[in-house]
Structure formats: C-alpha cells, structure tokens
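Just so it is clear: in the sequence shown, position 84 is 136 by this note's numbering, and no numbers are missing.
Built from N, CA and C at the ideal position, the CB exists for glycine as well.
Data first, discussion second: the structure below is written as structure tokens.
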Amino acid sequence: MNKITIDDVAKHAGVSKTSVSYVLSGKKKLSAEVERRILEAVETLGYTPPKMVSRLNTKTPKTINFCLPLEKGTISNDPYYIPLIEGAMDYAFSCGYHLCITRITQGDEKAKKMFLDSLQFVKGVILCNLHKDVNYEQILVEKNIPYVANGTPDTINTKYYVDADIEGAGYQAASLLLKKGHTNIFYINLDEDLIQSHHRLSGFKLAHKEFGVPWKDENHAYCNVSLEDSTQLMDGILSRKNSQLSAVVTSNEIQAWGTIKALQKKKIQIPQQVAVVSMGGSSLSVLGFPNITTIDFDPIRIGTESARMLIEVIERKRIRPSHIIVPGKLIERESS
C-alpha cells in the first residue's frame, strides 16, 4: 500500500497543499470549514505529517482533540454532531486552539491507535458519546490528560462534564403528549449501551408516573440513528394486532422522519391520528412536512461550553470539579 502524502490529503479535502501545511503547522489560521475538511481528511486517510509532534508542541497552535466514539457509521449520520463540533471548534479557535477530530468506530483499532498517538501532542480532550462498556476516560486519567466529558458520565469520578438535560428532555416530550390526553405512546430510544439512553428512559417513566398513566415496556424500543431502521421498527409496531397507538416520541429527527415515513405509507394522518415529537434540535426538523415538534438541545451551545470548560481546565482557570447541564427547549410545530 502506498504511503499517504500531503498531496493525498489536499486532494481529499479539496484544498491546496499550502492550506494543509498551514493547518498542520499552525503557521496561518484558515476558515473553520477548511480546517474541518483538512482534519477529517487527515483522519480518514490516516496521514501522519513528518515531525508533527515536535511542531505542535513547540509552537502555536495549541491543539485539543474532539474524540467521538461511534457504534458504526460516520459523524454525518447523526445531524446532532455537526453543530456540536462547530460550537467547540469556533470557541477553540477564538482562544488560539486548533481542534482535531477523532472518530472511533467500534472495532476500528487503527482509529483507536491514532487517538492514543494524538495524546502525545494535544493539550486536552473533549470526550463525546459516552458508553457504559468503553472507558476512554480511564486512559485519559492514567496519562494525566485534561479532559471534559460531553454527556453525563456513569461515575461520580468524572470531574468535568457538559451535557444536555436528557432526562428533562425525555420528560418534556412525554409530558407534552400526556397533557394532550395521549395514553398509548410509543418511545424510540437510542442504542441501549449509551448512558444517555438510560437517562432518556428515566424521563419518559417519570412523566408517566406523575400523570398517573401506567408505563408499558412493550411501548419502548432501542434503535440506531437510521432512517431505514426507524421506518422498519415503526412498520412492525403498526402491524401489531389491535394497535391503538396515538403518539410517538423519537430521540432525534432522523428517527422521527423514519417514523413519519412509516405512518404516511399507512395513510395515517399526523397529528390527527398519530402525533410525533422528537428530540435533538437540528435543522432537519423543518425540512419536510409536517414540521416536527422538538425538544431542542442547542448542540452549538453544548459544544461551545465543552470547549470553554476544557480550555479553562488546561489553563488552570478551573480547578474544582464542575459540570454544566443545558436544558432542552420545547418547540411545538405541526407534528403534534
């Protein structure tokens, strides 16, 4: 296999070799979009610039790593991640830091090695998408690397983290529908091994408890961030005998559009026959008909606050353990 060169990175990112050199050496600041394309090309191709470690350690720019472990797929599969990364990237740049993005798909040992290698020159890490069974935190603790978790951790030992109020968002979504008189609501969660999925489930159950509506385990399922998977899941739900489904809550807009696709195939009117409420806050909520009612997490703000907290930790402006929880905002539209 031929060695990856700077020409390959430039071609993949659609920029000049000079632009790639500027980003990797820190000699000149480019736009956030160009920076993102170049760093993604470096990650995708597995390019290692000569003497990159010494360059990045001896001069500006200072670099932080945005580590995003995924079950499968790419960052673009979930619209939540792009504004999250943009928020972190913009704030980092404003403070003189560059942001390098590491996507680690389950079983991808090459990407994991790249992440571990990057710890030699980065100042700190934003660790996103926490899993119950994959503990990258322990690696960072052992190597004494400053980090901020993006997501509520499963342990009280995590000193710094920023998260959306996932439990509160689940509660808001369920409460909106219960207030409207819906009692047979189906809930589509994200992957079961995500810590946030358990917080979301707690919010659903809390709303049912407060409204005195019995919780039904058969009305809850875990699903990937996939239009096809969510459509298939909803097809199965609608095919149940004596299904009296009157509303659906999804964990993001992609699942919501999959749900809507399945409902429209059955010529079920939304929201007259079945209401749909989603969580997330991406622009996808208004890109079709009906526009989707959402609980907006404000991912740009979460990314910004994650970078702010990490840089304060790196620069010793923040010492005491602390966390920020961003509340969800209900935006009611046509689907409910």
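- DSSP, read as helix, strand or coil, puts V326 in coil.
- The beta-carbon distance between G66 and A216, rounded to whole angstroms, is 33 Å. This is too long to meet the 8 Å contact definition.
- Leaving aside the five residues that flank L97 on each side, the residues in its chain whose CB is nearer than 8 Å to its CB run, in chain order, I56, D60, V61 and H64.
- Counting along the chain, no alpha helix (DSSP H) covers F173, and no H or E run does either.
- Going by DSSP, D287 is part of the alpha helix (DSSP H) stretching over L279 to L290.
- Nearest Cα to Y212 within the set Y199, S282, E262 and I218: Y199.
- Here H251 carries a helix assignment [DSSP, helix/strand/coil].
- Residue burial annotation: L151 is buried, with at least 16 other C-beta atoms found within 10 angstroms of its C-beta.
- Unbroken beta strand (DSSP E) runs of no fewer than 3 residues, entirely contained in the segment 179-228, are found at 199-202 and 212-216, following chain order.
- Here Y239 has F256, N271, H272 and V301 as same chain residues with Cβ atoms under 7 Å from its own Cβ, once five neighbours each way along the sequence are excluded.
- Sequence-distant partners of K261 (beyond 5 residues in either direction) whose C-beta falls short of 8 Å from its own C-beta, in its chain, are W267.
- Taking 8 Å as the cut-off, the beta carbon of A327 is found no closer than this to the beta carbon of T283.
- DSSP lists K114 as the beta-bridge partner residues of Y149.
- Annotation: the continuous beta strand (DSSP E) that includes D348 extends over T345 to D348.
- DSSP places N271 in the helix class (H, G or I) of the three-state scheme.
- Exclusion of the five residues before and after C180 leaves L120 and N202 as the residues of its chain whose Cβ lies within less than 6 Å of its Cβ.
- Straight-line measurement puts the Cα of G222 at about 16 Å from the Cα of I344.
- Residue range S374 to V378 is occupied by the beta strand (DSSP E) that includes S374.
- Using a Cβ-Cβ distance cut-off of 8 Å, the segment 328-336 and the segment 355-373 are not in contact, since fewer than three pairs of beta carbons, one from each stretch, lie closer than that value.
- K69: member of the alpha helix (DSSP H) spanning K69 to S77, first to last residue.
- Here R252 has I218, E219, A221, G222, N241, L242, S303 and M331 as same chain residues with Cβ atoms under 8 Å from its own Cβ, once five neighbours each way along the sequence are excluded.
- Boundaries for L297: no beta strand (DSSP E) harbours it, and the DSSP string shows neither H nor E there.
- No Cβ-Cβ contact shorter than 8 Å links S358 with V193.
- Closest option to V277, judged by alpha-carbon separation, among Y132, N236 and L76: Y132.
- Look at G98 here: in three-state DSSP terms it is coil, with no helix or strand label.
- The Cβ-Cβ distance between I178 and F167 does not fall below 8 Å.
- Going by DSSP, L362 is part of no beta strand (DSSP E) but of the alpha helix (DSSP H) stretching over P351 to I366.
- Just measuring C-alpha positions, the residue of N294, A140, P135 and L339 sitting nearest G176 is A140.
- For S388 against P323, the beta-carbon gap comes to about 5 Å, under 8 Å, which counts as contact.
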